[in-house]
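Protein sequence lines correspond, in order, to chains A and B. Note that the first sequence covers residues 26 to 246 in the numbering used here. Note that the second sequence covers residues 3 to 458 in the numbering used here. Where is the CB? At the ideal position from N, CA and C, for every residue including glycine.
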Amino acid sequence: MRLLIVEDDPVLSDGIAVGLGLSGFTADAVGTLADARAAVEAGGFAGVVLDIMLPDGSGLDLLAELRGAGSKLPVLLLTARDRVRDRVLGLDAGADDYLGKPFDLDELAARLRAMLRRQEGRAAAVIEWNGLRLDPATQSGRIGERELRFSRREFAILHALAEHPGRILSKTQLEERLYGWQEDVESNTVEVHIHHLRAKLGRTFIDTVRGAGYRLAEGGP
Amino acid sequence: MSSIRKRLLVILLAGTGVIWLCAVIWIQHSTRTEVGHVLDRRLQESAQMVASLIRRNGGIAGPDAAALVGDAPALPDSRHDFARQLICQVWGFDGQLKSESDGAPTGQLAEQEGFSEREVDGEVWRVYTHVDADLGIRVMVGDARFMRERLVHGVAMGLLAPAMLILPLLAALIWLAVRGGLAPMDRLAQALSRRPATDLSPLGETRAPAELRPMIEALNGLFHRVEGLRDRERSFTAFAAHELKTPLAGLKTQAQIATLAPDAATRERALAQIAQGVDRTDRMVRQLLDMTATENPIDSTAPAEDGAKILTDVAGALGGLAGARGVTLRLETGGAEWRSTQAALLAPALRNLLENAILASPAGATVEARLARDGGRVRFSVLDRGPGISEADRPHVTERFYRGSASPSGGGSGLGLSITAAAVEALGGELRLTPRDGGGEHAEIILPGEPAASTA
Numbered sequence: 026m027r028l029l030i031v032e033d034d035p036v037l038s039d040g041i042a043v044g045l046g047l048s049g050f051t052a053d054a055v056g057t058l059a060d061a062r063a064a065v066e067a068g069g070f071a072g073v074v075l076d077i078m079l080p081d082g083s084g085l086d087l088l089a090e091l092r093g094a095g096s097k098l099p100v101l102l103l104t105a106r107d108r109v110r111d112r113v114l115g116l117d118a119g120a121d122d123y124l125g126k127p128f129d130l131d132e133l134a135a136r137l138r139a140m141l142r143r144q145e146g147r148a149a150a151v152i153e154w155n156g157l158r159l160d161p162a163t164q165s166g167r168i169g170e171r172e173l174r175f176s177r178r179e180f181a182i183l184h185a186l187a188e189h190p191g192r193i194l195s196k197t198q199l200e201e202r203l204y205g206w207q208e209d210v211e212s213n214t215v216e217v218h219i220h221h222l223r224a225k226l227g228r229t230f231i232d233t234v235r236g237a238g239y240r241l242a243e244g245g246p
Numbered sequence: 003m004s005s006i007r008k009r010l011l012v013i014l015l016a017g018t019g020v021i022w023l024c025a026v027i028w029i030q031h032s033t034r035t036e037v038g039h040v041l042d043r044r045l046q047e048s049a050q051m052v053a054s055l056i057r058r059n060g061g062i063a064g065p066d067a068a069a070l071v072g073d074a075p076a077l078p079d080s081r082h083d084f085a086r087q088l089i090c091q092v093w094g095f096d097g098q099l100k101s102e103s104d105g106a107p108t109g110q111l112a113e114q115e116g117f118s119e120r121e122v123d124g125e126v127w128r129v130y131t132h133v134d135a136d137l138g139i140r141v142m143v144g145d146a147r148f149m150r151e152r153l154v155h156g157v158a159m160g161l162l163a164p165a166m167l168i169l170p171l172l173a174a175l176i177w178l179a180v181r182g183g184l185a186p187m188d189r190l191a192q193a194l195s196r197r198p199a200t201d202l203s204p205l206g207e208t209r210a211p212a213e214l215r216p217m218i219e220a221l222n223g224l225f226h227r228v229e230g231l232r233d234r235e236r237s238f239t240a241f242a243a244h245e246l247k248t249p250l251a252g253l254k255t256q257a258q259i260a261t262l263a264p265d266a267a268t269r270e271r272a273l274a275q276i277a278q279g280v281d282r283t284d285r286m287v288r289q290l291l292d293m294t295a296t297e298n299p300i301d302s303t304a305p306a307e308d309g310a311k312i313l314t315d316v317a318g319a320l321g322g323l324a325g326a327r328g329v330t331l332r333l334e335t336g337g338a339e340w341r342s343t344q345a346a347l348l349a350p351a352l353r354n355l356l357e358n359a360i361l362a363s364p365a366g367a368t369v370e371a372r373l374a375r376d377g378g379r380v381r382f383s384v385l386d387r388g389p390g391i392s393e394a395d396r397p398h399v400t401e402r403f404y405r406g407s408a409s410p411s412g413g414g415s416g417l418g419l420s421i422t423a424a425a426v427e428a429l430g431g432e433l434r435l436t437p438r439d440g441g442g443e444h445a446e447i448i449l450p451g452e453p454a455a456s457t458a
């Protein structure tokens, strides 16, 4: 899950990016509204963590622009202004969730997972497919009684595929979800992670669609 | 005298007493004059009456004639105060006493015609002498002086006695009037003393007497100003609290990362971020304190400090920051003899300018700070080779919590320049921010040259 962090305080911005990375997200951080606009335009983000007071304006303006343009991109407002009136104002401006500073990293991650889940039209936190139960909160899975452990990137790929079983995701789409701007993409990483996943889940769990990408197989292992 | 009530009471009572006393003296005087006229007229008429009676009786033969006047007015009760008010003597031209009334002294009452006064047998007599040349007699009628005095005294006492009785009543009345008149002031004082410190609503002035209204209006004006000041402080505190929440959130997040970190590198990085975050928060707290310091009244009793030393001290304290950023600080303070008692305001103003210049400068650059006298004024200049303030930000940089979009320090508090601006204003000086020739920013604080001159 790739997220855009819009926060001008460098220590906090770094903390959110690193902290969300530990929770299985991929986060890119910008410090100004202008950069945030450019990043949203470039696309590829599943959601936005948006501060309100930014050096070049209010985050609420960006939110209004997004909603005005018909964007359904989930937005979590993160701000020091957390009186009821401010929260109502933020939610009514089109935010999906609201969190006051200072906050707990776990809560931020849980709220983001819930927000993204709702966006995908799911209510249950756990995703089930072909007997596999995936828990995004713990980044672990289970088939029957067998507990499965995944690395952060393995889980991210599996999670992306399991969100829409049957839909084909290209290698580039998967890479986008794996890497932030600062990270170098190694050319065969996606293949390596798919290989590891097949070793854990069974050879037929993930189909390779030649020239298109990957998807979860219809039949169980 | 501090009590208006006592003062009014004393003034009114003393005034009333004095006026009353004057009235008594005046009335006594006019009564004496008036009584004198009336009695004199009576003496004259009595003397003429005696003479006309003697004439009708065909002249005076012997001492029997005394019965004409002497016995006639004699009252049976001689103890009466005004008994025997008049005495009468009839003398012939030959110097013989022809007749006299009872109680008349033995000596002649008067030597001359008309009115005269004479002391006979230890008593002063007022006498009228009527001369009848046809009969060859002098008729003298007199009354005792002390009788007249008694009459006048009686009238005066008749006035004084009720006054003695009325004055205490009047005093009580005055006291009641004064108390009633001052009651609105008491009510105002009570209303003020009952007021809680948080209540700054205006006092109702429609029911107050006209004399108190200016005071109530002045008080309401003061309330209004205090309210405004309190509102500004409240909003500043709220804003500051919000601004501090962001660095706190950063610290908390980094602390959680340090706890959760799967490897040493992540943990080390989080700890370094915490250290950086604490430094930034510390700077922000110091700036908030500086901000409130610029709003305090100027302490004119502080010892005067050398301007060059203030600048050197500030630069010295920032040496660490400059070193860490690879920026060289160059000071020029030569020859400017200037002392200021306002180091408490000047130092934060200079520190924020220098700090901004250092943070804006690329590594390897030089920040220059100069102190110079320019005519009657003193100029502190700070010059850097950073990107300078963008034209879009320039009108807003001295606003509180305004952070430029191209803020090179990476998220300052937005307080630095507003502190400098507020401090310079309190010092009665001027802050000038202009683009520097050849790139960078040229910040100047221009102060009036006289160290004492400051318009707070």
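Near residue i, which residues of its chain fall below 8 Å by C-beta distance, leaving aside the five closest residues on each side in sequence?
i, result
"Glu-229 (chain B)", "Leu-202"
"Phe-241 (chain B)", "Arg-402, Phe-403"
"Arg-81 (chain B)", "In this prediction, Arg-81 (chain B) has a pLDDT of 44, which is less than 50 and means its spatial position is unreliable; what the coordinates show is noted afterwards. Nothing meets the Cβ criterion."
"Ala-150 (chain A)", "Arg-138, Ala-139, Arg-142, Asp-160, Pro-161, Ala-162"
Measuring only the C-alpha atoms, how far is residue i from residue j?
i, j, result
"Ala-326 (chain B)", "Ser-392 (chain B)", "25 Å"
"Val-55 (chain A)", "Ala-61 (chain A)", "6 Å"
"Pro-264 (chain B)", "Gly-227 (chain A)", "28 Å"
"Gly-72 (chain B)", "Cys-90 (chain B)", "Only weak support exists for where Gly-72 (chain B) lies, its pLDDT of 49 falling under 50; the value from the coordinates is given anyway. Using only the alpha carbons, I get a separation of about 7 Å."
"Phe-148 (chain B)", "Met-51 (chain B)", "24 Å"
"Ala-67 (chain B)", "Gln-87 (chain B)", "Any reading at Ala-67 (chain B) is ruled out, since the residue's pLDDT is 48, under 50, leaving its predicted position unreliable."
"Leu-467 (chain B)", "Arg-7 (chain B)", "Because chain B in this structure spans residues 3 to 458, residue 467 (chain B) falls outside the shown range and cannot be described."
"Ala-319 (chain B)", "Ala-193 (chain B)", "53 Å"
"Leu-116 (chain A)", "Ala-346 (chain B)", "45 Å"
"Ala-134 (chain A)", "Leu-231 (chain B)", "42 Å"
"Tyr-204 (chain A)", "Arg-27 (chain A)", "8 Å"
"Glu-243 (chain A)", "Leu-199 (chain A)", "20 Å"
"Glu-102 (chain B)", "Val-92 (chain B)", "6 Å"
"His-460 (chain B)", "Leu-190 (chain B)", "The shown model of chain B, from 3 to 458, leaves out residue 460 (chain B), and the question about it has no answer."
"Ala-224 (chain A)", "Leu-91 (chain A)", "42 Å"
"Arg-128 (chain B)", "Ile-27 (chain B)", "24 Å"
"Ala-455 (chain B)", "Asp-376 (chain B)", "At Ala-455 (chain B) the pLDDT is 41, less than 50, meaning the model places this residue with poor confidence; the figure from the coordinates comes in the next sentence. The straight-line gap from Cα to Cα measures roughly 16 Å."
"Ala-267 (chain B)", "Val-43 (chain A)", "12 Å"
"Leu-520 (chain B)", "Asp-111 (chain A)", "Only positions 3 to 458 of chain B appear in the structure, and residue 520 (chain B) is not among them; the question remains open."
"Leu-96 (chain B)", "Val-40 (chain B)", "Note that residue 96 (chain B) is Asp in the sequence shown here, rather than Leu. Their backbone Cα atoms lie some 32 Å apart in a straight line."
"Ile-447 (chain B)", "Val-384 (chain B)", "9 Å"
"Leu-356 (chain B)", "Arg-269 (chain B)", "34 Å"
"Ala-105 (chain A)", "Pro-127 (chain A)", "7 Å"
Taking C-beta to C-beta, are residue i and residue j nearer than 9 Å?
i, j, result
"Gly-440 (chain B)", "Arg-387 (chain B)", "yes"
"Leu-161 (chain B)", "Ala-16 (chain B)", "no"
"Gln-466 (chain B)", "Gln-258 (chain B)", "Missing from the structure shown is residue 466 (chain B); chain B here goes from 3 to 458 and no further."
"Gln-110 (chain B)", "Leu-99 (chain B)", "yes"
"Ala-423 (chain B)", "Pro-350 (chain B)", "no"
"Leu-186 (chain A)", "Leu-137 (chain A)", "no"
"Ile-41 (chain A)", "Val-65 (chain A)", "no"
"Arg-120 (chain B)", "Val-37 (chain B)", "no"
"Ala-260 (chain B)", "Ala-277 (chain B)", "no"
"Ala-449 (chain B)", "Gly-431 (chain B)", "The residue you asked about is not Ala; residue 449 (chain B) is Leu in the sequence shown. Yes, the Cβ-Cβ distance between Leu-449 (chain B) and Gly-431 (chain B) is below 9 Å."
"Thr-296 (chain B)", "Leu-313 (chain B)", "no"
"Ala-158 (chain B)", "Pro-186 (chain B)", "no"
"Ile-30 (chain A)", "Ala-63 (chain A)", "no"
Who are the near neighbours of residue i in its chain, counting only those whose CB is closer than 7 Å to its CB and skipping five residues on each side?
i, result
"Ser-195 (chain A)", "Ala-237, Gly-238"
"Glu-307 (chain B)", "Arg-341, Ser-342, Ala-345"
"Asp-129 (chain A)", "none"
Identify, in the order they occur along the chain, each residue of the same chain with its Cβ nearer than 6 Å to the Cβ of residue i, setting aside the five sequence neighbours on each side.
i, result
"Gly-82 (chain A)", "Leu-58"
"Phe-117 (chain B)", "Tyr-130"
"Ala-304 (chain B)", "Thr-343"
Interface residues of the segment 254-273 of chain B facing chain A [CB-CB below 8 Å]: Residues are counted here when their Cβ sits less than 8 Å from a Cβ of chain A; for the segment 254-273 of chain B these are Lys-254, Thr-255, Gln-256, Gln-258, Ile-259, Leu-262, Ala-263, Pro-264, Thr-268, Arg-271, Ala-272, given in chain order.
- request: With 7 Å as the limit, tell me which residues of the segment 66-97 of chain A have their beta carbon closer than that to any beta carbon of chain B; keep them in chain order.
  value: Cβ contacts with chain B come from Pro-80, Asp-81.
- request: Count the C-beta pairs between the segment 369-379 of chain B and the segment 294-305 of chain B that are closer than 8 Å, then say yes if the count reaches three, no if not.
  value: Segments in contact, no.
- request: Decide yes or no for the touch test of the segment 135-146 of chain A against the segment 99-115 of chain A: beta carbon pairs closer than 8 Å, at least 3 of them.
  value: Contact check between the segment 135-146 of chain A and the segment 99-115 of chain A: three or more CB pairs, one atom from each, fall below 8 Å, which counts as touching.
query: Does the segment 237-252 of chain B come close enough to the segment 269-285 of chain B that 3 or more CB-CB pairs lie under 8 Å?
result: Yes, the segment 269-285 of chain B touches the segment 237-252 of chain B.
task: Could you list the residues in the segment 107-134 of chain A with a C-beta less than 9 Å from some C-beta on chain B, going in chain order?
output: The residues in question are Asp-107, Gly-125, Lys-126, Pro-127, Phe-128, Asp-129, Leu-130, Asp-131, Leu-133.
query: If you measure beta-carbon to beta-carbon, which residues of the segment 235-254 of chain B are closer than 9 Å to chain A?
result: Here the close residues are Ala-243, His-244, Glu-245, Leu-246, Lys-247, Thr-248, Pro-249, Leu-250, Ala-251, Gly-252, Leu-253, Lys-254.
Three CB pairs or more closer than 8 Å across the segment 169-189 of chain A and the segment 211-220 of chain A: By the C-beta criterion, the segment 169-189 of chain A is judged to be in contact with the segment 211-220 of chain A, since at least 3 inter-stretch pairs fall below 8 Å.
Contacting positions in the segment 49-63 of chain A - beta carbon closer than 9 Å to chain B: Correct list: Gly-56, Thr-57, Leu-58, Ala-59.
query: Which residues, in order along the segment 29-49 of chain A, keep a beta-carbon less than 7 Å from a beta-carbon of chain B?
result: For the segment 29-49 of chain A, the set of residues with a beta-carbon nearer than 7 Å to any beta-carbon of chain B comprises Asp-33, Asp-34, Pro-35, Val-36, Leu-37, Asp-39, Gly-40, Ile-41, Val-43, Gly-44, Leu-47, in chain order.
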